[in-house]
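Protein chains in written order, with the working numbering: chain A, 1 to 259; chain B, 1 to 259. Using N, Cα and C, we set each Cβ at its ideal position, and we do this for glycine too.
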């Protein structure tokens, strides 16, 4: 699935959450995280004590063009320092822990974050290191936990995919795209009168050729044709095509006319 | 973010959509797709004309334990063959095309798929090859398009992440987890009478030590304390701790008592 826009300016639009990677191991994953963040309109990346040091050129190579996020990444020694200027912190946590804390889904978390950022509060999201996850002390600065609903038989997510889902839900929390629409381009969904016009044409020809000769069944057959042609959202362009098909079928093969 | 369950049986629960990878290039990506599918409870994987042939052991290595999906993957030469037993086909398509077709978000698509599978219809989702995407002929068998709302400045998704979002939305479309809850473990959210009991203890000691000596302000101060202690969902265990704190603060340092 492509659609990359190489040189786009990815500067944050408004107040967006900070993604904090705690003790990330592979710089390649940090790059993949930056890419996933950019998909969802996130920008601010903080790294707490990255295992292999920073910067690492492999991160830029795996970011697929989300270089700006890496260029602006901030490095901290501890979680406490990385969250010190934030008002609220969310911690992703795939497994239950014996701590009393509000637990949100990714979707619920994204909605909470939107509320907070709209109040001009600074928000951060903690992601633990690959495999081991966050440690008990890391959670002490968190206001909320986030756990993604996933198939409990297989909860293994890599770091970039964990960030991808959160970034996606952040974006969706303010997204206005209709869940379903018809992509019509230069054409438009046909009005009832446009459909009536076509159906008149069709019925006239069906009467002429004898398809509707059974007068008792004729009204029901016409109603069923209406039902069929309305089941899809037919466009004016498609109706013109259908008009043409009916006309050409009636006219018969070009060769036949010429004889 | 970890949580992998190695030996789990990932057999499909009920009627689940088929993921169809059209001309995938890297076997490593096919493995990562299987992993993402398993996260969202998907199982059926079909490959149309994989570039490097099939099977490829690197796919199993990158599946992080979702081997069963790869073991059962089916191979086809063409999209037409891969969809021939399906009732409805969704095609992911990041860019607009000049084709008239219903366009869904990932979330809208997942809801449609749930409706269809609940009607015992067989559903498939087409994902195009890395970079190039699906071709015009591939779309002719599709009933719907799916396009993910993402930051338009940066729409680049790798194949596994595209599948991840769709699998996640498929799972979420039937997910019942509350968006927000308090994880309380052995304890429970305090009732008003448990809070009343603590507040009575606190106010008694605050009266005794003189903190509430301003009789005019006293009722308002007590109300504000109520408001504070109710802002969080306090648990019975935390109230016991707070009772203990008040008692110990009143008693003063252990050394002082002993003198």
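Asked                                                                                                                                    : Found
One or two residues paired with residue 90(A) in a DSSP bridge                                                                           : 125(A) and 144(A)
DSSP three-state assignment for residue 132(A), whether helix, strand or coil                                                            : coil
Beta carbon of residue 70(B) nearer than 9 Å to that of residue 11(B)                                                                    : no
DSSP three-state assignment for residue 223(B), whether helix, strand or coil                                                            : helix
Cross-chain neighbours of residue 102(A) in chain B, by beta carbon under 8 Å                                                            : 180, 181, 182, 183 and 233
Short Cβ contact (9 Å threshold) for residue 145(A) with residue 93(A)                                                                   : yes
Length at least 3, wholly inside the region 35-84 of chain B: the beta strand (DSSP E) runs in chain order                               : 45-48 and 74-76
Under 7 Å by beta carbon: chain A residues contacting residue 146(B)                                                                     : The premise fails here: residue 146(B) is roughly 10 Å from chain A at the closest Cβ pair, so nothing lies under 7 Å.
Any chain B beta carbon closer than 9 Å to residue 20(A)                                                                                 : no
Residue range of the unbroken alpha helix (DSSP H) whose run includes residue 104(A)                                                     : Residue 104(A) -> not in any alpha helix (DSSP H); beta strand (DSSP E) instead, spanning 101-104.
Proximal chain A residues relative to residue 85(B), where beta-carbon distance stays under 9 Å                                          : Residues of chain A passing the Cβ test: none, with the nearest at roughly 23 Å.
Residue 20(A) to residue 164(B) span [Cα, whole Å]                                                                                       : 21 Å
Interface flag, residue 105(B) vs chain A, CB-CB below 9 Å                                                                               : yes
Classification of residue 247(A) by the beta-carbon crowding that lies within 10 angstroms, buried from 16 upward                        : exposed
Sequence ranges, alpha helix (DSSP H) only - wholly within the region 131-218 of chain A, length at least 4                              : 136-139, 159-172 and 192-209
Contacts around residue 86(B), its chain only, beta-carbon distance under 6 Å, and the 5 residues preceding and following it disregarded : 122 and 124
Euclidean distance between Cα positions of residue 49(B) and residue 62(B)                                                               : 20 Å
Short CB-CB distance (under 9 Å) between residue 137(B) and chain A                                                                      : no
Buried or exposed by the 16-neighbour rule on C-beta atoms within 10 Å, applied to residue 140(A)                                        : exposed
Cut-off 8 Å between Cβ atoms - residues of its own chain near residue 39(A), not counting five sequence neighbours on either side        : 164, 167, 168 and 171
Contact set for residue 68(B): own chain, Cβ-Cβ below 6 Å, skip 5 residues either direction                                              : 10
Where the beta strand (DSSP E) containing residue 242(A) begins and where it ends                                                        : Careful: residue 242(A) lies outside any beta strand (DSSP E), inside the alpha helix (DSSP H) at 236-251.
Three-way DSSP call (helix, strand, coil) for residue 10(B) in this model                                                                : coil
Own chain partners of residue 243(A) with C-beta closer than 7 Å, once the 5 adjacent residues on each side are dropped                  : 198 and 201
Within-9 Å CB hit, residue 149(A) to chain B                                                                                             : yes
Residues of the region 158-169 of chain A with Cβ closer than 7 Å to any Cβ of chain B, in chain order                                   : 159, 161, 162, 164, 165 and 168
Minimum Cβ-Cβ distance from residue 25(B) to chain A less than 9 Å                                                                       : no
Between the CA atoms of residue 99(A) and residue 137(A) - distance to the nearest angstrom                                              : 11 Å
Sequence-distant residues of its chain with Cβ nearer than 8 Å to residue 77(A) (five each side left out)                                : 48 and 49
At least 3 beta-carbon pairs within less than 8 Å: the region 181-199 of chain B vs the region 220-237 of chain B                        : yes
Contact under 9 Å by Cβ, residue 127(A) with residue 13(A)                                                                               : no
Length of the line joining the Cα atoms of residue 179(B) and residue 253(B)                                                             : 44 Å
Whole-number beta carbon distance between residue 59(A) and residue 31(A), since they are thought to touch under 8 Å                     : 4 Å
Within 9 Å, strictly: CB atoms of residue 90(B) and residue 143(B)                                                                       : yes
Per-residue contacts from residue 35(A) into chain B (C-beta, under 9 Å)                                                                 : 154, 156, 157, 158 and 161
Check whether residue 54(A) and residue 36(A) have beta carbons under 9 Å apart                                                          : no
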